[in-house]
Amino acid sequence: MARVEFDNITKVFEDTSGPIVAVEELSLDIPDGEFVVFVGPSGCGKSTTLRMLAGLENITDGEIRLNGEPVNDVSPRDRDIAMVFQSYALYPHKTVRGNMGYGLSLSTDLNKEEVDRRVVEAAEMMGIEDLLDKKPGSLSGGQQQRVATGRAIVREPAVFLFDEPLSNLDAQLRKHMRTELSRIHSELGITTIYVTHDQEEAMTMADRIVILNDGQLQQVGSPKEVYYRPANTFVADFIGSPSMNFFDVDLEVASDGTGTLVGNGFRYSVSDSLVDLVGGEGEYVLSVRPENLNVDPSASGEKSFEATVDVVEVIGSDNFIYLDVAGKECRLRAPSETEPEEGDVITVTFEEDDLHLFDRNTEEALIHGHERAESSPKIIESEA
Ligand code: ATP
């Protein structure tokens, strides 16, 4: 088992079109046994970071340490890291047993019986003991994925790396497999880094989520932290489904000190404590999650806005209602009994506790509404 440290890691690829900065000054300390998920859009540097840790890619600058020891110059096979890829990369001519035991018999001096014992143990853990004598070609995608994971487990590595391992599976199997992988992590307690572009996968599996964009770290935190305290508009937009609503607003403060957030199509009066926290008039980005917007015809005019219903998506437990607010799309997640007609004009409100304010220029978080009552009246700082 291992602690993993990325210390100011930069990776630049030299391409024919010029240098490409894939990862920029990434620092991250992952304690022994943690399950960390790297998430971010395509091309943000997730795989490159994983490949540098595995030793499959050189590091341009910075240091990676395993249990405090620098590994920049350690060969991949001496890092005690097992990696599972999206493609499974199984040998087609070997049986499941052969695939799972092959790496172990090459890299250790364990005898055949010991290798076989570990293979059977891992196969039981993955629920594939019946498949041990089959070849990969006769297995489904889900079964091949289990074999690839089982092969990593057999090695009893210090660190597991998963690079989008569930991408080739259908939605139902993905959900099932992510529960399985979480269970295996709890059983083995091996430090795990898991890469995905699927924020739902990240939210359900991670101890901590690492959000990357354009090679830069945006935020590190527990699923709840990144959901309730997004460090910037990128994180706010990326985490949560449907994604957060954003409105450009001005905070206007009247002579009696009362504050109102004024946006295109609405005015929202706010408490004195929020005005104090923000520090006065200015230009902000206001955001609210779709599940925190409510349809309420009786809401006060100063705490609500009007919106025209564009589309109602019925998903069973809830309805996703797509709205037009003065020409801007806005998403609302409502209980299934709230089912307005397309074209209806509805009154929408939200609690001040549920709003987030971001700096319009830097896009960094300034206020999370639910924290305004906290004793320390200061503008929160980004964790990025
Ligand atoms: P995806 O989700 O699509 O796999 P990712 O977040 O894993 O994306 P990376 O594969 O790490 O992203 O790529 C990060 C950046 O580095 C991208 O701009 C990519 O084009 C570039 N890149 C990756 N590998 C190479 C390479 N071998 N040569 C040149 N550029 C590369």
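Okay, so the sequence shown: first residue is 3 according to my numbering, each after it adds one. Beta carbons are placed, not taken as given, at the ideal position from N, Cα and C, and that holds for glycine. Predicted model only: the values in this text are computed from it and were never measured.
Taking C-alpha positions only, Tyr270 is separated from Val237 by approximately 24 Å. At a cut-off of 7 Å, the beta-carbon of His358 does not count as near the ligand ATP: no heavy atom of the ligand is closer than that. If you look at Pro299, you'll find it isn't in any beta strand (DSSP E); DSSP assigns it neither H nor E. Judged by DSSP secondary structure, Tyr230 falls within the alpha helix (DSSP H) whose first and last residues are Pro225 to Tyr230. Looking at the backbone, the Cα of Pro244 and that of Glu344 are separated by about 19 Å.
If you draw a straight line from the Cα of Pro225 to the Cα of Pro342, it comes to about 32 Å.
The C-beta distance from Glu354 to Ser273 rounds to 6 Å, short enough to meet the 8 Å contact threshold. Contact check for Glu304 against Asp252 fails: the beta carbons are separated by 8 Å or more.
With a cut-off of 8 Å on Cβ pairs, the stretch 3 to 23 is not in contact with the stretch 176 to 186, counting fewer than three such pairs. Out of Gln221, His199, Val314 and Thr62, the CA that lies nearest to the CA of Arg335 is found in Val314. In the structure shown, the three-state DSSP call for Lys177 is helix. Within its own chain, the residues whose Cβ lies closer than 8 Å to the Cβ of Gly318, once the five positions on either side in sequence are excluded, are Ser338, listed in chain order. Taken through DSSP and simplified to helix, strand or coil, Leu30 comes out as strand. In the three-state reduction of the DSSP assignment, Ile213 falls in the strand class, which pools E and B. About 16 Å separates the Cβ atoms of Leu295 and Leu359, ruling out a contact at the 8 Å cut-off. The closest CA to that of Arg210, considering only Phe268, Arg176 and Tyr196, is found on Tyr196. In this structure, Val149 places its C-beta atom within 8 Å of the C-beta atom of Ile130. Here DSSP, grouped into helix, strand and coil, assigns Arg5 to coil.
As computed with DSSP, Asp250 is found in a beta bridge with Val287.
Annotation: the continuous beta strand (DSSP E) that includes Glu65 extends over Asp63 to Leu68. Taking each of Pro94, Tyr90 and Arg157 in turn and checking the Cα distance to Val122, the smallest one comes out for Arg157. Using a Cβ distance threshold of 8 Å, Pro138 and Gln88 do not count as a contacting pair.
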